[in-house]
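**Q** Position 198 of the sequence shown, counted from 1, bears residue number 1569 in this note's numbering, the numbering being contiguous throughout. Have a look at this one.
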Amino acid sequence: MARMRRQVWAVVLATVLVAVVGVVVALASRNDAASRGGDLGTVPSAGESPTARNVVTPTPPPTTRPRRTRPIVYVFPVGGCKASASQSHHDYPASDIFAKVGCRFVAPVDGRVDEVTRVDAWDPKTNVGRDRGGLSVSVVGVDGVRYYGSHLSAIAAGIKPGLQVRAGQTLALTGKTGSARATPAHLHFGISWPTAAGKWWIRRGSVPPQSYLNAWHDGKTLSPVQAVARARTAYGVDRGCRSYC
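What follows is the structure, encoded as structure tokens:
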């Protein structure tokens, strides 16, 4: 009988010991999780995924503001002198801007230098069309339009095809080269669309420039882009010089 009692007490003590060890282990686990920032014992609400609390929504990147583009500025192509632009031109669209020799021919808009002629090859006996302009410079603006000035007396150092220029930058000086030798000094000014090099019959002028010159002279902004596009469409296929060749 005494032996049976000892066995019962042994079982009871063993059971109590196991329970105590379980409590100690549970407390140790809770303390370890708390030290790591865990959230033990929290029961997800109805319909909530047990892992939903660990989902982090990324912060969207800041919206990039569109880059501001510099507005296109146009300037009158003769600077530093009194100048007067003709309101008509013979045979094809252009303007003769009368000014004394040595006035600044400036880029009428930001752009790049297109073609440069530094040699006056005009001969009055033959009057070849490609040589009538004498010394000349053309610029293709950031607006996609080509601007041409000729009868120049000198071209500024460093002016060459591909050079980036700004509106108002000096390109050359006005003069009387080419077919202007026997006329008052002036800048022949033409507006056209860009072409391959050497197509002087388009480069010399394809759109009447008078309204634009008048606006720029008065400090106003007036773009020839649409007029040039219409003229290019109306011109059609280019097969060479059509008049006053």
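Quick reminder that beta carbons are idealized off the backbone N, C-alpha and C, glycines included.
Can you have a look at C1474 and say buried or exposed, based on whether 16 or more other CB atoms are within 10 angstroms of its CB?
**A** Buried: at least 16 other Cβ atoms inside 10 Å.
**Q** Suppose the cutoff is 8 Å on Cβ atoms and the five residues either side in sequence are ignored; what does the same chain contact list for V1596 look like?
**A** Excluding positions up to five away in sequence, the list reads D1514, G1515 and V1516.
**Q** I need the boundaries of the beta strand (DSSP E) containing A1543, first residue and last residue.
**A** Start and end: T1541 to T1545.
**Q** When the Cα atoms are used, what is the spatial distance from S1509 to R1575?
**A** Taking the straight line from one Cα to the other gives about 9 Å.
**Q** So, for V1444: in the same chain, excluding its five sequence neighbours on each side, which residues have a beta-carbon less than 6 Å away from its beta-carbon?
**A** Excluding residues within five positions, the ones whose Cβ falls inside 6 Å are A1538.
**Q** Does the Cβ-Cβ distance between H1522 and K1547 come in under 9 Å?
**A** Cβ distance < 9 Å, so H1522 and K1547 count as in contact.
**Q** Answer with buried or exposed for G1512, where buried requires no fewer than 16 other C-beta atoms within 10 angstroms of its C-beta.
**A** By the neighbour-count rule (16 or more Cβ atoms within 10 Å), G1512 is buried.
**Q** Are the beta-carbon atoms belonging to V1477 and L1542 less than 9 Å from one another?
**A** Closer than 9 Å, so yes.
**Q** Do H1559 and D1481 have their beta-carbon atoms positioned less than 9 Å apart in this structure?
**A** In this structure, H1559 does not lie closer than 9 Å to D1481 by Cβ.
**Q** With distances taken Cα to Cα, identify the nearest neighbour of W1564 among V1578, K1591, P1555 and A1456.
**A** The shortest C-alpha separation from W1564 is found at V1578.
**Q** For the candidate residues N1585, N1498, A1492 and W1571, whose alpha-carbon lies nearest to that of A1454?
**A** Out of N1585, N1498, A1492 and W1571, N1585 has the C-alpha closest to the C-alpha of A1454.
**Q** Which word fits G1504, buried or exposed, when buried means at least 16 other C-beta atoms lie within 10 angstroms of its C-beta?
**A** The residue is buried, with at least 16 neighbouring Cβ atoms inside 10 Å.
**Q** Assign Y1583 to buried or exposed, taking buried as 16 or more other Cβ atoms, counted over all protein chains shown, within 10 Å of its Cβ.
**A** Y1583 should be labelled buried.
**Q** Per DSSP, G1549 is paired with what?
**A** Answer is none; G1549 lacks a bridge partner.
**Q** If you compare alpha carbons, which of W1572, S1594, S1550 and A1567 is closest to W1493?
**A** The shortest Cα separation from W1493 among W1572, S1594, S1550 and A1567 belongs to S1550.
**Q** Rounded to the nearest angstrom, how far is the Cβ of P1442 from that of D1485, given a contact under 8 Å?
**A** Their Cβ separation, rounded to whole angstroms, is 23 Å, which puts P1442 and D1485 out of contact at 8 Å.
**Q** If distances are taken between C-alpha atoms only, which option among H1588, R1501, A1465 and A1598 comes closest to P1448?
**A** Closest option to P1448, Cα to Cα, is H1588.
**Q** Mind checking V1536: buried by the 16 CB within 10 Å criterion, or exposed?
**A** Classification for V1536: buried.
**Q** Please tell me whether T1545 and A1556 are closer than 9 Å, where the distance is taken between their beta carbons.
**A** Taking 9 Å as the Cβ cut-off, T1545 and A1556 qualify as a contacting pair.
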